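According to my numbering, numbering within the sequence shown proceeds without interruption in unit steps and concludes at 271. C-beta: ideal position from N, C-alpha, C; glycine also. Nothing here was measured: the structure is a model prediction, and the numbers come from that model. Here the structure comes first, spelled out in structure tokens, and everything after it is commentary.
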Amino acid sequence: METVFARHAPWARLCWDSELSEQSRAGDIVIEVRTHPSEFAFIIDTIILKDCDAYELGLLIARDLSIALACSTICDGTRHGPTRAPFWCVVWTEGAAFLGDDCESLFAEYYEGCSQEEMRAWGPVKRVRPIDI
Numbered sequence: 139m140e141t142v143f144a145r146h147a148p149w150a151r152l153c154w155d156s157e158l159s160e161q162s163r164a165g166d167i168v169i170e171v172r173t174h175p176s177e178f179a180f181i182i183d184t185i186i187l188k189d190c191d192a193y194e195l196g197l198l199i200a201r202d203l204s205i206a207l208a209c210s211t212i213c214d215g216t217r218h219g220p221t222r223a224p225f226w227c228v229v230w231t232e233g234a235a236f237l238g239d240d241c242e243s244l245f246a247e248y249y250e251g252c253s254q255e256e257m258r259a260w261g262p263v264k265r266v267r268p269i270d271i
């Protein structure tokens, strides 16, 4: 993960969330990794403290992680959807981009403490169509 960040944000000092104290943010990008029960087994949350285009950086990081890890990744896709609705995402599958819709998906709807019944009701992220990025 650090290699991918170094490629696209060489200016950034990375700080893992577990290294944070209440008073100090030692990095330009704060990273937290946690498990998730959806088809995307891990969530990588970032807080970017330096002025940059976080949307574009997210696309690059998600694409490269999908290639490096030979898996699907997901990131914000609101600039690529036909509307500005918050459920548009970009799903990367080994470097190929798809416009996704995460509305009513386990990925978007899951919350700590939700029931197994709720989790079964939500489906996977819908892949709407391939897109060129």
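For residue i, count neighbouring Cβ atoms within 10 angstroms of its own Cβ and tell me buried if that reaches 16, exposed if not.
i      : result
Glu160 : Low local confidence applies: a pLDDT of 46 at Glu160 is under 50, so the model's placement there is unreliable, and no value is given.
Arg201 : buried
His174 : exposed
Gly233 : exposed
Ala223 : exposed
Gly251 : exposed
Thr221 : exposed
Thr141 : exposed
Asp189 : exposed
Am I right that residue i and residue j are in contact with their C-beta atoms under 8 Å? What's the rounded C-beta distance?
i      : j      : result
Gly196 : Cys213 : 4 Å
Leu237 : Gly215 : 6 Å
Pro262 : Ala235 : Contact doesn't hold; Cβ gap of about 17 Å is too wide.
Ile169 : Leu152 : 6 Å
Report the three-state DSSP secondary structure of residue i (helix, strand or coil).
i      : result
Arg217 : coil
Arg265 : strand
Asp239 : strand
Ser204 : helix
Ala246 : helix
Ala223 : coil
Continuous beta strand (DSSP E) assignments of at least 3 residues falling wholly in the stretch 141-193: Correct list: 152-154, 167-173, 180-186.
On the three-pair Cβ rule with 8 Å, is the stretch 245-263 touching the stretch 175-182? Touching, per the Cβ criterion.
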